[in-house]
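Here's the structure we're looking at; comments come further down.
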Amino acid sequence: MDDPNSIIQAQKEQIARYQTRLKDVVTAYKSLLNEKQALEAVLSAKKPKQEGEEGTETEEEDDKVESTAPISVLMDSIKTLSDEKKKMEASFLSDKKNLRQELQTKDIVIKDLQEKSKALELERQNLKTKLFSCDRILNDERHLKENLETQLNQLKTQFSQTSNSDKVINSLNQELSEVKKKLKSYENNKLKDDSNVLQTLQLEMENLKQQHMNNLMVEKQRANEANERNKKLTALHEERVQNLESRIAELSRNFAHYHQLRESDQKSIIQLKEKISQLQKPSDNFDDSLADTSCKKFSNVYQIIDELQKLKQLLVYENTKLEHPIDLTYIFPNSTNNDVTVVSAEKYALVKNEREKLVDENEVLKNQLTDQNESLKTLQEKVIVLNRNIDEYETEIKNKSISLINDLKAERTKNREVINNLEADYRSKISQLEQQLQKQRERSLMLLDEKENEIRALKTSYELFIPKKSSTDYEDETQSNGSRKPSTSQQHHLGMVLNQQNSNSSNSPETYMIFYSNELARKDLELSSVRKSKRECEELIRQTLKEKIMIQEELDEKIANLEQKVYYLEKMKSREGANLEYLKNVTISYLTTSDAQAKKKMLNAIGAVLKFDDSENILINNYFGKRK
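Shown next, in the form of structure tokens:
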């Protein structure tokens with residue numbers, strides 16, 4: 001349904017057209033009335049009074065007055081006809097000026113439409129570049145998240161393999177908290193960046209729909225701002241990547257340091273276990289000896305002495321276990337090995353306490369590891385949720401990009417329809433103007449024919465009127481006697497005047513005809529020039545349309561080539577990601593291994609990926625030579 005405002009405007013335009021047409025009809029009707037009156041006056045003057053009776057002197061004077069009256073009427077009719085001719089010439093000149101102005105306006109409108117089409121194509125290219133930049137940013141952020149997930153998985157494996165020491169776990173807890181903070185900050189920044197980019201795109205699309213390329217300078221400034229923002233975003237992403245790489249290097253160093261500490265701790269634990277086993281052996285021997293004494297029958301004094309010494313050692317050992325040990329000096333006053341047994345018992349007690357502490361620490365570390373495993377699970381769940389959110393944002397952005405492309409296509413079709421409609425309107429207007437010119441030409445030719453016929457009729461009337469008067473004068477001269485001389489002189493003077501009028505009347509239509517023929521020739525020349533200019537304008541329109549089609553095809557080819565390049569670059573990025581994964585695994589194995597030959601092979605693999613120079617290879621070989 002059309003709006004009432006548009007209907008009212010259309011009706012107003014129709015009313016204005018009808019008013020102009022009515023004005024033209026009224027002016028034409030008035031001119032026709034004037035011409036009709038002039039012709040009626042001419043016809044009334046043509047009717048001569050045929051009076052054959054002889055008159056007196058008063059009658060002759062009346063004849064003189066009546067002969068001058070039709071001459072004045074004819075002169076008035078000639079003046080009216082010349083005025084009408086001037087009016088027709090003025091209307092023709094005004095129509096010619098209007099045609100020229102309309103042609104100029106048509107050329108201006110065509111230029112404006114061409115500029116608008118170029119501006120729309122530039123906007124489409126800018127939007128495509130922005131969409132490609134957004135896709136690149138999303139891919140970079142996805143790769144960063146994947147790297148963080150792999151790092152978390154590696155940290156999980158490292159936590160399962162790390163030693164059970166408080167320092168290692170505290171440091172790793174701190175690192176995990178830092179990584180969590182970084183992840184949160186990174187997610188917040190990413191969401192803000194995505195929301196900012198989407199808001200800017202929405203604002204730009206709304207501005208495009210509202211303004212329709214009327215503010216080109218504003219759009220250029222926005223494009224520059226968007227480029228600056230993209231540069232800033234790329235710089236920020238590069239800084240983040242550098243920070244993550246430095247953090248990964250620090251983590252690898254800390255991991256190597258913790259690995260060394262773990263090995264040293266394991267060695268100390270093994271040594272302590274050996275000491276504990278050595279200290280447990282005499283107690284077991286004492287228990288066995290006690291069990292055997294009840295069953296043995298001593299056959300020798302030396303055996304009894306040995307058994308007594310063992311019992312003594314066992315008594316001292318059990319005394320050390322008591323909360324309130326007994327003083328054994330009164331039982332063994334002269335014991336030489338008493339101090340030794342006391343020292344060994346103290347060492348055993350210390351070792352036992354250390355063992356209990358280590359067991360407690362192991363339990364605490366196990367509990368912490370379970371807590372950290374739970375936190376890692378929660379982090380993995382968060383990462384999965386974030387990946388889902390990223391996928392949703394990607395789908396939204398893709399849908400928005402598709403909608404933007406569809407809007408651009410719709411706007412293109414609208415612009416093409418508008419251009420076609422304008423061209424059709426101008427063609428119809430030109431055809432109408434040509435028809436009006438043809439009609440005016442036919443009318444002017446008809447009027448000229450009518451005027452020529454009228455002039456011929458006037459000529460014949462003058463020729464018929466003059467000889468009758470001369471014959472009547474001659475008869476009066478023959479019939480009258482005394483009073484003829486003054487009347488003949490007056491008649492001769494009137495005949496001279498009539499002859500002069502006749503000569504003037506015979507010369508004036510010829511001059512008018514020459515003037516009309518010149519004007520018609522000028523009109524034909526101007527019409528031919530207008531038609532030539534019209535044809536040239538149509539040829540220019542066709543050439544511009546052809547050039548536009550050629551430019552559109554070239555742009556489509558360029559866009560296809562750029563899309564292929566982007567596809568190849570994404571492939572190269574995926575390959576670079578695979579190379580980075582391979583390099584990461586090689587560096588981890590290099591840090592975990594202690595074999596020099598294996599490290600050298602791994603360095604060769606790293607050099608193949610990173611492409612070391614000759615000087616760098618020499619430095620590496622010298623380093624391994626010094627190590628050997």
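Using the UniProt record's numbering, read the sequence shown as starting at 1 and increasing by one per residue. Note that beta-carbon positions come from the ideal geometry of N, C-alpha and C, so glycine has one too.
Where N337 falls: helix, strand or coil (DSSP): Within the sequence shown, residue 337 is the residue found at index 337, counting from 1. For N337, the predicted model reports a pLDDT of 48, less than 50, meaning its position is unreliable and no value from the coordinates is stated.
Three-state class that DSSP yields for D613 in the structure shown: Within the sequence shown, the letter at position 613 stands for residue 613. DSSP places D613 outside both helix and strand once states are collapsed to three, so it counts as coil.
Backbone secondary structure at T593 - three-state DSSP: As a first step, residue 593 is located in the sequence shown; it is residue number 593 there, counting from the start. Correct three-state label for T593: coil.
Candidates I78, R142, R531 and A598, of which the one nearest S431 by Cα: Stepping through the sequence shown from its first residue, residue 431 is reached at position 431. Of I78, R142, R531 and A598, the residue nearest in Cα terms is R531.
Proximity winner among N621, K130, Q278 and L408, relative to E121 (alpha-carbon distances): Here residue 121 refers to the residue found at position 121 when the sequence shown is read from its first residue. Closest by alpha carbon: L408.
C-beta atoms of L433 and L138 nearer than 8 angstroms: In the sequence shown, the residue the question calls residue 433 occupies position 433. In the sequence shown, the residue the question calls residue 138 occupies position 138. No, the pair does not count as a contact, with Cβ atoms beyond the cut-off.
Euclidean distance between Cα positions of T105 and C134: The residue given as residue 105 occupies position 105 in the sequence shown. The residue given as residue 134 occupies position 134 in the sequence shown. Those two C-alpha atoms are separated by around 43 angstroms.
S77 burial status per 10 Å Cβ neighbour count (16 or more: buried): Taking the first residue of the sequence shown as 1, we reach residue 77 at position 77. With 16 or more other Cβ atoms within 10 Å, it is buried.
Stretch-stretch touch, CB-based, cutoff 8 angstroms, three pairs: the stretch 101-117 with the stretch 532-542: yes
Nearest-angstrom Cα separation, counted from E452 out to M75: Taking the first residue of the sequence shown as 1, we reach residue 75 at position 75. Taking the first residue of the sequence shown as 1, we reach residue 452 at position 452. So the alpha carbons of these two residues sit roughly 16 angstroms apart.
Residue of A410, V359, L520 and N367 minimising C-alpha distance to Q438: In the sequence shown, residue 438 corresponds to position 438, counting from 1. Taking only the C-alpha atoms, the option nearest Q438 is L520.
C-beta atoms of L272 and E354 nearer than 8 angstroms: As a first step, residue 272 is located in the sequence shown; it is residue number 272 there, counting from the start. As a first step, residue 354 is located in the sequence shown; it is residue number 354 there, counting from the start. Yes; because the gap between Cβ atoms is below 8 angstroms, this pair is in contact.
Cβ-based neighbour list, I270, same chain, cut-off 6 angstroms, excluding 5 preceding and 5 following: To locate residue 270, count along the sequence shown from 1; it is residue 270. Here the set comprises nothing.
Top-ranked residue by Cα proximity to E547, from D24, Q11 and Q114: Working through the sequence shown from its first residue, we reach residue 547 at position 547. The residue with the shortest Cα to Cα distance from E547 is Q114.
Classification of Q436 by the beta-carbon crowding that lies within 10 angstroms, buried from 16 upward: As a first step, residue 436 is located in the sequence shown; it is residue number 436 there, counting from the start. Label assigned to Q436: exposed.
Test item: CB-CB of L603 and I588 under 8 angstroms: If you number the sequence shown from 1, residue 603 lands on position 603. If you number the sequence shown from 1, residue 588 lands on position 588. Contact flag unset, no.
Member of L610, A235 and K128 whose CA lies at the smallest distance from the CA of S401: The residue you call residue 401 lines up with position 401 of the sequence shown. If we check each option's Cα against that of S401, K128 comes out closest.
Straight-line gap, S268 to V566 (C-alpha atoms, nearest Å): As a first step, residue 268 is located in the sequence shown; it is residue number 268 there, counting from the start. As a first step, residue 566 is located in the sequence shown; it is residue number 566 there, counting from the start. Distance between the alpha carbons of S268 and V566: 58 angstroms.
Supposed contact pair E454 and L39 - C-beta distance, whole angstroms, cut 8 angstroms: By one-based count along the sequence shown, residue 39 stands at place 39. By one-based count along the sequence shown, residue 454 stands at place 454. Contact holds; Cβ gap of about 7 angstroms.
CA-to-CA distance, I618 to R253, given in whole angstroms: The residue labelled residue 253 in the question sits at position 253 within the sequence shown. The residue labelled residue 618 in the question sits at position 618 within the sequence shown. Each residue's alpha carbon lies about 24 angstroms from the other.
Cβ-based burial, L33 [other Cβ within 10 Å; buried from 16]: Start at 1 with the first residue of the sequence shown, and residue 33 comes out as number 33. So L33 counts as exposed.
Exposure of K296, with buried meaning 16 or more beta-carbon neighbours within 10 Å: Locating residue 296 in the sequence shown gives position 296, counting from the first residue. The predicted model places K296 with a pLDDT of 46, which falls under 50 and marks its position as unreliable; any figure quoted below should be read in that light. Counting Cβ neighbours within 10 Å, K296 comes out exposed, since fewer than 16 surround it.
Status (buried if at least 16 other CB within 10 Å, exposed otherwise) for V316: What you label residue 316 is simply residue 316 of the sequence shown in a count that begins at 1. Under this definition V316 is a buried residue.
Test item: CB-CB of E123 and E84 under 8 angstroms: Numbered from 1 along the sequence shown, position 123 holds the residue referred to as residue 123. Numbered from 1 along the sequence shown, position 84 holds the residue referred to as residue 84. Not closer than 8 angstroms, so no.
H493, buried or exposed, once every other Cβ within 10 Å from all chains shown has been counted against 16: As a first step, residue 493 must be located in the sequence shown, where it is residue number 493. Per-residue confidence for H493 stands at a pLDDT of 46, beneath the threshold of 50, marking its modelled position as unreliable; no derived number is given.
Assumed close pair Y590, K584 - CB separation to whole angstroms, cut-off 8 angstroms: As a first step, residue 590 is located in the sequence shown; it is residue number 590 there, counting from the start. As a first step, residue 584 is located in the sequence shown; it is residue number 584 there, counting from the start. With a Cβ gap of about 11 angstroms, Y590 and K584 do not count as contacting.
Residue environment, N507, which counts as buried when at least 16 other CB atoms sit within 10 Å: Your numbering for residue 507 matches position 507 in the sequence shown. Because the pLDDT of N507 is 45, which lies under 50, any placement of that residue in the model is unreliable, and the question is left without a value.
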